[in-house]
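What follows is a single structure, written as structure tokens, with notes after it.
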Amino acid sequence: MTNNPTIDRIISWHGFGYPDKPNKPLDSKCRLRIWQQDPVIVLFSDLNEEDTGTSITNCSENLATLVQFHFQLLKPIRWFEHYPFHNIPEQKKKQLMFSESISEIFYHHDQKRYHSPQWKHFEKENLETLVNCSISMNGYRNLKKIKLKTAYEHEQDEFARGCSDAVNDGITRDYPPHSPAYLNGFRYAMNQLSQLN
Numbered sequence: 337m338t339n340n341p342t343i344d345r346i347i348s349w350h351g352f353g354y355p356d357k358p359n360k361p362l363d364s365k366c367r368l369r370i371w372q373q374d375p376v377i378v379l380f381s382d383l384n385e386e387d388t389g390t391s392i393t394n395c396s397e398n399l400a401t402l403v404q405f406h407f408q409l410l411k412p413i414r415w416f417e418h419y420p421f422h423n424i425p426e427q428k429k430k431q432l433m434f435s436e437s438i439s440e441i442f443y444h445h446d447q448k449r450y451h452s453p454q455w456k457h458f459e460k461e462n463l464e465t466l467v468n469c470s471i472s473m474n475g476y477r478n479l480k481k482i483k484l485k486t487a488y489e490h491e492q493d494e495f496a497r498g499c500s501d502a503v504n505d506g507i508t509r510d511y512p513p514h515s516p517a518y519l520n521g522f523r524y525a526m527n528q529l530s531q532l533n
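Residue numbers for the sequence shown follow this note's numbering, beginning at 337 and rising by one.
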């Protein structure tokens with residue numbers, strides 16, 4: 337099996353990853369693998385570690401929305417969830433009856449976000465055949481880490497940049513066009529400054 341994923345990273349995001357409102361400051365994380373093929377295959381793998389935040393199941397629809405937004409993935413996309421239990425000793429896995437599990441996730445999409453996920457069991461061998469690659473967790477600790485931001489967080493950052501530029505005597509970024517959030521921040525700060533004078 338030789339078809340390595342196009343993207344293979346440890347991703348983190350705030351809380352539940354709500355795309356349109358603030359999230360709790362707790363960071364969540366998982367392994368993300370994307371195979372750019374037809375259809376695009378996206379695999380979320382649980383890290384099976386302490387302190388990984390909200391589970392990939394509990395924020396599934398928000399995580400899918402966030403990944404599609406961040407990586408600008410084009411449809412069709414098939415989504416998968418993976419619980420490898422790779423950090424649990426074999427004897428304990430047998431005792432607790434844990435076994436590796438994979439589900440395909442089916443979402444509804446309303447042009448803004450994914451919602452109403454439904455899970456269906458999927459055999460590991462079938463997924464590995466689909467991507468022509470092993471989905472083991474080997475080497476995951478050495479992967480690059482990236483922080484994904486929601487559209488809401490991007491807008492907040494742009495608003496703050498606009499405010500900062502207004503306070504620092506004008507638009508300092510030299511690559512227009514500026515986003516609406518940036519311009520709103522710039523106007524807001526200019527208005528506040530004019531009221532102080």
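Where a beta carbon is used, it is the ideal one built from N, C-alpha and C, also for glycine.
Item: Specify, as a first and last residue, the run of the alpha helix (DSSP H) that PRO516 falls within.; Value: 516-532
Item: Is the separation between the beta-carbon of PRO420 and that of SER381 shorter than 8 Å?; Value: yes
Item: Taking the Cβ atom as the reference point for each residue, do SER435 and TRP455 lie within a distance shorter than 8 Å?; Value: no
Item: Exposed or buried, which one is GLY475 when buried takes at least 16 other CB atoms within 10 Å?; Value: exposed
Item: Under three-state DSSP, which class holds ASP344?; Value: strand
Item: How should PHE522 be labelled, buried or exposed, when 16 other C-beta atoms within 10 angstroms of its C-beta is the threshold for buried?; Value: buried
Item: Rounded to whole angstroms, what's the CA-CA distance from GLU286 to ASP501? Just pull it up for me.; Value: In the structure as shown, the chain begins at 337 and stops at 533. Residue 286 is therefore absent and cannot be evaluated.
Item: Does the Cβ-Cβ distance between ILE346 and LEU484 come in under 8 Å?; Value: no
Item: Going by beta-carbon coordinates alone, are PHE416 and LEU463 separated by less than 8 Å?; Value: yes
Item: Answer yes or no: do THR388 and ASN468 have a C-beta to C-beta separation smaller than 8 Å?; Value: no
Item: Only counting the same chain, and skipping five residues up and downstream in sequence, which positions put a Cβ closer than 6 Å to that of SER348?; Value: ASP363, LYS365 and LYS483
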